[in-house]
Amino acid sequence: MLKSAAILVLLAFASNSIAAESPDLAKLQGKWSTKRTGSDGQESSFTMEIKGEKLSFQAFRGDNELRFVAKGNVKAEMHGPFHVMKITQIEAGGSASDLQPVNDDRSSVYFLKDDTLTLASNFDKERENEKPRVEVYQRVETKAASTPGDAAKLLGKWKMTVKSGEDERDYDISFAEANGKLSGTLVSPRSGEYKFKSVTFSDGKLTMELPRTIQENEVTFLYTGKLKDGELTGDVTVKEFEDFKGSWTAKK
-14 MLKSAAILVL LAFASNSIAA ESPDLAKLQG KWSTKRTGSD GQESSFTMEI
36 KGEKLSFQAF RGDNELRFVA KGNVKAEMHG PFHVMKITQI EAGGSASDLQ
86 PVNDDRSSVY FLKDDTLTLA SNFDKERENE KPRVEVYQRV ETKAASTPGD
136 AAKLLGKWKM TVKSGEDERD YDISFAEANG KLSGTLVSPR SGEYKFKSVT
186 FSDGKLTMEL PRTIQENEVT FLYTGKLKDG ELTGDVTVKE FEDFKGSWTA
236 KK
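Residues in the sequence shown are numbered consecutively from -14, following my numbering.
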C-alpha cells in the first residue's frame, strides 16, 4: 500500500475542473458506424453518436433509407474488469419526429482500442426478436476533429500551478496535434518528463490520463478540466484512490 507521504505526492499532481462526462465516456465521444447483413441478404448500416451524456442511434436500409431512430442518456461504467455502456431514458421510433418512450434500459459490454469500438449487446437480458450479438464500430467523426478551432486554443506550452492542501508546485504542460489526435506532455522540474496516455478536448472541456509509478506502485491520474478566458482549470482523481483530489490552473 502507498504510505501517507506517497499519497501527498499523488495529490500534488492534481487539478480543479468541471467535466460533465467521465474520463471513460469522454473517450467514446463522436460518431461511430457499422454495417450488418440480414438473413435476407439485405445490408443495413448503423450510426451511433455520443455527445456529452446523450446518445443517438440511427439504422438505415440499403442506400441510406432511414428506418429507425433511438435516443437516450448514456454512461460508461466499470463492472469488475468490464467496461459497460449503460443507456437509459430511451426513446425510439421510425424518425426523429416520431419518438416514443421505451421502458427498456440497456447495458452493453464494450472494448475500445484507438478508433475501433467492439460492442456486445443484448447479453444483459433476453429480448424478443433481438439476439445477443457482437459488433465492431469504427469512429467516423470526433468532436475534436470537427472543431479544429477549439483544439488550436489548447495547443502549445502552458505554465501550470498545482495545489494540494498547503502544498503548491509548478509544472510545464504542452499539447500537440497530429492526424486529428491530441497528445500531451507534463514536465516536472523535480522529476522529469511524463507523457499523457490520452488527451481529449471538445467544447472547452479537457480530459487526460497520466500513468505514473509512485513508490513502485502503478497509478493513473485522471485529469478533467475546462478552458475559459485563456486559462485552464481542473481537478484530478487518482484511479486507484478516487477519494483524493487537488486543484490546478494553467496559463500560456
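Every residue gets a Cβ at the ideal spot worked out from N, C-alpha and C, and that includes glycine. Remember, predicted model here, so these are calculated numbers, not experimental data.
Determine which residues share a DSSP beta bridge with residue i and list them.
i, result
"R112", "E115"
"V172", "D157, E178"
"N58", "K39, T73"
"Q123", "S18, T101"
"D188", "Answer by DSSP bridge pairing: none, since D188 is not bridged."
"N107", "In the DSSP output, where bridge partners are listed per residue, N107 has none listed."
"D152", "S149"
"E203", "T198"
"R46", "S29, E50"
Let's see if you can read the secondary structure: which residues bound the beta strand (DSSP E) around residue i?
i, result
"P86", "85 to 87"
"E216", "216 to 223"
"S80", "That residue, S80, is in no beta strand (DSSP E); it is neither H nor E in DSSP."
On the three-state DSSP scale, how would you describe residue i?
i, result
"L195", "strand"
"L140", "coil"
"K20", "strand"
"G210", "strand"
"K237", "coil"
"I(-8)", "Below a pLDDT of 50, predicted positions are generally treated as unreliable, and I(-8), at 42, falls in that range; the measurement from the model is reported next regardless. If DSSP states are grouped into helix, strand and coil, I(-8) belongs with the helices."
Taking its Cβ as the centre, do 16 or more other Cβ atoms sit within 10 Å of residue i, making it buried, or is it exposed?
i, result
"A81", "exposed"
"E50", "exposed"
"P66", "exposed"
"P8", "buried"
"Q14", "buried"
"F186", "buried"
Following the continuous alpha helix (DSSP H) through residue i, name the residue where it begins and the one where it ends.
i, result
"K12", "8 to 12"
Can you list, in chain order, the residues of its chain whose CB lies under 8 Å from that of residue i, leaving out five sequence neighbours each side?
i, result
"N58", "E38, K39, L40, I72, T73, Q74"
"S159", "G141, K142, W143, G169, T170, V172"
In chain order, what residues of the same chain lie with their CB nearer than 6 Å to the CB of residue i, ignoring the 5 residues before and after it?
i, result
"A130", "Reliability of the predicted coordinates at A130 is poor, the pLDDT of 42 falling under 50, and the value obtained from them is presented with this limitation in mind. Excluding residues within five positions, the ones whose Cβ falls inside 6 Å are G165."
"L217", "G210, A235"
Any chance the CB of residue i is under 7 Å from a heavy atom of the ligand FAD?
i, result
"Q123", "This structure simply doesn't include the ligand FAD, nor any ligand for that matter."
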